[in-house]
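Single-structure report; data block below.
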Amino acid sequence: MGYNDVYQAWKADPEGFWMEQAKAIDWVEAPKQALYDRGDHIYEWFADAKVNTCWNAVDRHVENGRGEQTAIIYDSPITHTKREISYVELRNRVANLAGALRAKGVEKGDRVIIYMPMIPEALEAMLACARLGAVHSVVFGGFASNELAVRIDDAKPKAIIAASCGMEPGRVIHYKPLLDGAIDLAKHKPDFCVIFQREQEVAKLIEGRDYNWHGFQFGVEPAECVPVEGNHPAYILYTSGTTGQPKGVIRPTAGHLVALNWTMKNLYNVDPGDVFWAASDVGWVVGHSYITYGPLVHGNTTIVFEGKPVGTPDAGTFWRVISEHKVKSFFTAPTAFRAVKREDPKGEFVKKYDLSCLKAVYLAGERADPDTIVWAQDQLKVPVIDHWWQTETGWCIAGNPLGIEELPTKLGSPAKPMPGYDIQILDEAGHPMPKGELGAIAVKLPLPPGTLPGLWNAEARFKKSYLEHFPGYYETGDAGMIDDDGYVYIMARTDDVINVAGHRLSTGGMEEVLASHPDVAECAVIGVTDQLKGQLPLGFLCLSSGVNRPHDEIVKECVKLVRDKIGPVAAFKLACVVDRLPKTRSGKILRATMVKIADSEEFKLPATIDDPAILDEIREALQTLGYAKG
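Reading the sequence shown from the start, the letters are residues 17 to 646 in the working numbering.
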């Protein structure tokens, strides 16, 4: 069956399609019904089933005779550490940790916050919660105390599992003082904390509240897997909300297992036993879906990488890891490739490694500009697949399913909708837009298994954020179009579509043009307020290393390029060269924050910002263009 056959099979019988995929999961009680309509556009999948995530991710592989296979490869160029953990070792470690948590009173339904760096113990903590039916909420290690406190007050955890520190190139991030500060600030207090002491920094424990990871597990009974209902929350993952109050996305247990397991072969084209690497962090949805749960449920070997695409030690670190650990399928963010390309535009480091094991690369998290994809294709000589999804969906909305059929690549498009997603392009009033025209991207309800059924303790906010604007649809918040061949194009966040003298223009389209300039390694376009035209586009350009030409020359060429490719209607005249762009740790460019700085509006510093100092550089660059005066 090709892509069209699979997609049409889903469309003809959505519930039958997902019941068939559910057979790949080990159920305590198999689902008798796929979809439950709870009314008012709220849906649940496999709610009548009983299942345990940890059993499916760990124990069943041991039971099926694959216990000696490597489950986790830990590779940390920052601490110069490498180790492997087999499935049987992982099971024993997770069962012991779960037993220790249970002995301290953690039970099914209790929440546990996990505040860890990229070490295998972070995955073990997630799986130990899943083993007990406890609901974990991973908060990015090193998050500021006030942001962590907000999440503590929202999730109300019984326990917090943390590490003493995180490691960045050249510095230690002190987690424990941040955690102590957060607990002081929070109204809700956890019953206890478990601290994994790293040798790079041993934290001071507070008597009666804090327990050492190892000592705490001594002499406890290992825990068995606790069956939970299909609609039981596996985890809560906070995503930044526009109000500054984070939104707790809920991931339902059964649908999550079925959907992720389906994607490993059909989308990423790996078989059990293959090595799969998502170069992300467990603080992000990619880390949940494709470092921890997807690969382990499917019986793959997953890589936990504590490092950066450049600087640990150089722009060849990705290729070393792929070559050394025989990675078959690699997933990262376009921004990581842009960083590598900027340092090594000719791909000198690529030539140093044998990458014959690598069969495909997947990009997600930001729009993958065509220039970056072409560079990666030229260097790696494998399919480079842009695919689009969100924290809320937990897995791919539109992509190129290599395990079913490799669709022709169209640069700028993440290809076609996956089964489960009926994508529509709507105008402001909710009417379908003609093919090829820009509009709001919405998905017809119900969403497929594994997607969010709601927000933690915030039903009204869930409806307002996702369901109210287009009744009967999930509003993605992204803008784009679908072409005559059914390929989806994600052009910008809805907020990033700018209105220039009545013309709706995509900043993503302009970024695509700017990125094609030979000297530009990375760029961003925002819309700034203009008295005459409403909004004007303004471009920020980061240059490739080794470019020594005058900046004003490059800016002139870029302005001409946009004028030639998009036309005078874009009114693109403003651009400046900057050293770097403000980003979240996952690589998303903080365009909305840049807009507020340009328009001299107040803004809340995004909790996930990688380096706040960059905002001062952006402000200075904007002031030279006559903006950011306040």
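Don't be surprised by glycine CBs; every beta carbon is placed ideally from N, CA and C. Values in this document were obtained by computation on a predicted structure and should not be read as measured data.
Three-state secondary structure (DSSP) at residue i?
| i | result |
| --- | --- |
| Lys-98 | strand |
| Gln-395 | helix |
| Cys-574 | helix |
| Leu-652 | What the structure shows of the chain is the stretch from 17 to 646, and residue 652 is not part of that stretch, so it cannot be assessed. |
| Tyr-59 | strand |
| Leu-423 | coil |
| Lys-581 | helix |
| Thr-269 | helix |
| Tyr-643 | coil |
| Ser-92 | strand |
| Ile-41 | coil |
| Phe-321 | strand |
| Glu-618 | coil |
| Leu-590 | strand |
So what does residue i bridge to, in DSSP terms?
| i | result |
| --- | --- |
| Ser-153 | Ile-129 |
| Asn-515 | Arg-520 |
| His-304 | DSSP output for His-304 lists no bridge partner at all. |
| Cys-181 | His-190 |
| Lys-263 | Thr-255 |
| Ile-401 | Tyr-378 |
| Asn-228 | Ile-211 |
| Glu-245 | Lys-66 |
| Ala-294 | Phe-347 |
| Met-13 | Since the first and last residues shown for the chain are 17 and 646, residue 13 lies out of range. |
| Val-536 | Leu-559 |
| Ala-456 | Leu-442, Ala-495 |
| Val-541 | Gly-555 |
| Ala-414 | Trp-404, Pro-433 |
| Phe-334 | Beta-bridge pairing links Phe-334 to no other residue. |
| Gly-550 | Val-516, Asp-546 |
| Val-286 | Answer is none; Val-286 lacks a bridge partner. |
| Thr-86 | Ser-102 |
Closest to residue i by C-alpha separation, out of the options, would be which residue?
| i | options | result |
| --- | --- | --- |
| His-57 | Ile-613, Pro-534, His-485 | His-485 |
| Ala-352 | Ile-457, Ser-602, Ile-439, Arg-99 | Ser-602 |
| Asp-370 | Ile-338, Pro-329, Val-377 | Ile-338 |
| Lys-344 | Val-366, Val-398, Ala-531 | Val-398 |
| Leu-283 | Gly-149, Cys-412, Val-326, Lys-368 | Cys-412 |
| Ser-530 | Asp-385, Arg-477, His-567 | The residue asked about is misnamed: residue 530 is Leu in this sequence, not Ser. For Leu-530, the nearest C-alpha among the options comes from Asp-385. |
| Phe-234 | Ile-130, His-304, Leu-113 | Leu-113 |
| Pro-268 | Leu-471, Lys-612, Lys-604 | Leu-471 |
| Ala-648 | Glu-382, His-204, Glu-84, Ala-392 | The first residue shown for the chain is 17 and the last is 646, placing residue 648 beyond what the model contains. |
| Glu-382 | Pro-350, Leu-454, Lys-368, Gln-395 | Pro-350 |
| Cys-592 | Asp-53, Pro-238, Glu-633, Ala-608 | Glu-633 |
| Ile-135 | Lys-48, Leu-606, Ala-179 | Ala-179 |
| Glu-618 | Glu-184, Lys-98, Lys-645 | Lys-645 |
| Ser-429 | Gln-440, Asn-228, Gly-415, Glu-421 | Gly-415 |
| Ile-89 | Thr-318, Ala-50, Gly-186, Val-104 | Thr-318 |
| Val-563 | Thr-69, Val-594, Thr-600, Gly-149 | Val-594 |
| Glu-408 | Ile-199, Thr-255, Leu-117 | Thr-255 |
Going by other Cβ atoms of all chains shown within 10 Å of its Cβ, with 16 needed for buried, is residue i buried or exposed?
| i | result |
| --- | --- |
| Asp-500 | exposed |
| Phe-159 | buried |
| His-248 | buried |
| Val-218 | exposed |
| Thr-388 | buried |
| Phe-365 | buried |
| Lys-263 | buried |
| Met-17 | exposed |
| Gly-224 | exposed |
| Lys-14 | Residue 14 lies beyond the residue range present for the chain, which begins at 17 and ends at 646; the question has no answer from this structure. |
| His-96 | exposed |
| Thr-640 | exposed |
| Ser-372 | exposed |
| Met-277 | The sequence given here has Asn at residue 277, not Met. Buried: at least 16 other Cβ atoms inside 10 Å. |
| Asp-91 | buried |
| Pro-417 | buried |
| Gly-271 | buried |
| Gly-524 | buried |
| Lys-572 | exposed |
| Arg-520 | exposed |
| Gly-410 | buried |
TODO: Specify whether the region 477–496 and the region 448–463 touch according to this definition: at least 3 beta carbon pairs, one from each stretch, less than 8 Å apart.
DONE: yes
Open item on the list: Under 8 Å: do the region 21–29 and the region 424–442 share three or more Cβ pairs, one atom per stretch?
Closed with: Under the 8 Å Cβ criterion, the region 21–29 counts as touching the region 424–442, having at least three qualifying pairs.
Task: Three-pair Cβ contact test at 8 Å for the region 127–135 versus the region 148–163 - done: yes
Open item on the list: Between the region 163–174 and the region 188–205, can you find at least three pairs of beta-carbon atoms closer than 8 Å?
Closed with: yes
Task: Segment contact, 8 Å Cβ cut-off, at least three pairs: the region 512–530 with the region 466–483 - done: With a cut-off of 8 Å, the region 466–483 and the region 512–530 do not count as touching, because too few Cβ pairs lie within range.
Open item on the list: Does the contact criterion of 3 or more C-beta pairs under 8 Å hold for the region 608–626 versus the region 536–546?
Closed with: yes
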